[in-house]
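Chemist: First the structure, then my questions, so here it is.
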Amino acid sequence: MFPIANHRGETVGFGGRVLDNREPKYLNSPDTPVFSKSKVLYGLAQGAAGIRKLNRIMLVEGYMDTIACHQAGVGYAAAPLGTAVGQEHARLIKRYCEEAIMLFDPDPAGAKASLRGAAVLWENGVSVKIASLDGGLDPDEFIKNRGLAAFEKTVKQACDLVAFHTDLVLARLEKPLSAQ
Numbered sequence: 000m001f002p003i004a005n006h007r008g009e010t011v012g013f014g015g016r017v018l019d020n021r022e023p024k025y026l027n028s029p030d031t032p033v034f035s036k037s038k039v040l041y042g043l044a045q046g047a048a049g050i051r052k053l054n055r056i057m058l059v060e061g062y063m064d065t066i067a068c069h070q071a072g073v074g075y076a077a078a079p080l081g082t083a084v085g086q087e088h089a090r091l092i093k094r095y096c097e098e099a100i101m102l103f104d105p106d107p108a109g110a111k112a113s114l115r116g117a118a119v120l121w122e123n124g125v126s127v128k129i130a131s132l133d134g135g136l137d138p139d140e141f142i143k144n145r146g147l148a149a150f151e152k153t154v155k156q157a158c159d160l161v162a163f164h165t166d167l168v169l170a171r172l173e174k175p176l177s178a179q
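If you're matching positions, the sequence shown starts at 0 in numbering that gives the first Met the number 0 and goes up one per residue.
Right, here's the structure in full:
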């Protein structure tokens with residue numbers, strides 16, 4: 000169980016994760032007048048000072064990725080509850096910083112969510128970069144297996160929205176590419 004706090008640090012809901020392969024893997028409290036997952040970023044209250052200081056937020060996919068980042072000293076990480084970054088998230092982020100780095104899982108669903116979320120952030124005046132971890136690892140696993148230095152190097156190599164989308168399109172094309 001994970002307590003979910005709003006940006007003021009007030010517990011507004013809970014999230015649970017199964018420990019085996021059952022579905023759903025994660026389950027949050029239902030929306031109430033106090034809790035709406037579209038208005039909360041997990042870890043924002045804990046990371047607010049670092050986010051403001053760096054003028055940057057790193058958006059990761061879930062509780063464990065956020066916790067792993069914070070434990071490793073990457074205190075500007077937060078996560079939407081689910082992978083959907085919406086208008087409310089963008090407005091909330093804009094109150095804290097001007098730049099976001101999307102670092103969702105390196106699978107097709109993560110790439111698609113990164114593109115959608117990046118577009119929403121960009122439309123709301125937040126500069127966006129997208130980072131990808133190699134080896135199919137999520138941030139939690141990457142930090143544990145490869146260390147903080149490798150993680151930070153990958154984050155520094157984040158690319159803009161257009162370059163990320165272009166790379167995704169090119170990766171789907173048959174190789175070698177030709178002009179015909």
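Don't be surprised by glycine CBs; every beta carbon is placed ideally from N, CA and C.
1) Starting from Lys-93, follow the alpha helix (DSSP H) in both directions and report where the run begins and ends.
2) In angstroms, rounded to a whole number, what distance separates the CA positions of Phe-163 and Val-11?
3) Count the other CB atoms within 10 Å of the CB of Asn-192; is the residue buried (16 or more) or exposed (fewer)?
4) Restricting to Cα atoms, I'd like to know which of Leu-40, Pro-32, Glu-22, Asn-20 is closest to Phe-1.
5) So, helix, strand or coil for Tyr-62, using DSSP?
6) Using 8 Å as the threshold, is the stretch 50 to 62 in touch with the stretch 85 to 99, meaning 3 or more CB pairs across them?
7) Taking Leu-120 as the reference, give the member of Asp-106, Pro-105, Ala-108, Met-101 with the closest Cα.
8) Look at the alpha carbon of Glu-173 and the alpha carbon of Thr-165, and state the distance between them as a whole number of angstroms.
9) Is Thr-65 buried or exposed, if buried means 16 or more other CB atoms sit within 10 Å of its CB?
10) Which first and last residues belong to the beta strand (DSSP E) in which Gly-15 is found?
Modeler: Working from what's here:
1) For the purposes of this step, residue 93 is identified with residue 94 of the sequence shown, where counting begins at 1. Its alpha helix (DSSP H) spans residues 86 to 95.
2) Position 164 of the sequence shown, counting from 1, holds the residue named residue 163. Position 12 of the sequence shown, counting from 1, holds the residue named residue 11. Cα to Cα, the separation comes out at about 35 Å.
3) It is not possible to answer for residue 192, since the shown part of the chain is limited to 0 through 179.
4) On the sequence shown, residue 1 is found 2 positions in, with the first residue counted as 1. Ranked by how close their Cα comes to the Cα of Phe-1, the residues Leu-40, Pro-32, Glu-22, Asn-20 have Leu-40 in first place.
5) Locating residue 62 in the sequence shown gives position 63, counting from the first residue. Tyr-62 falls in the helix class under three-state DSSP.
6) The stretch 50 to 62 is in contact with the stretch 85 to 99.
7) By one-based count along the sequence shown, residue 120 stands at place 121. The option with the nearest alpha carbon to Leu-120 is Met-101.
8) By one-based count along the sequence shown, residue 173 stands at place 174. By one-based count along the sequence shown, residue 165 stands at place 166. One alpha carbon belongs to Glu-173, the other to Thr-165, and they sit about 15 Å apart.
9) In the sequence shown, the residue the question calls residue 65 occupies position 66. So Thr-65 counts as buried.
10) Position 16 of the sequence shown, counted from the first residue, corresponds to residue 15. Start and end: 10 to 16.
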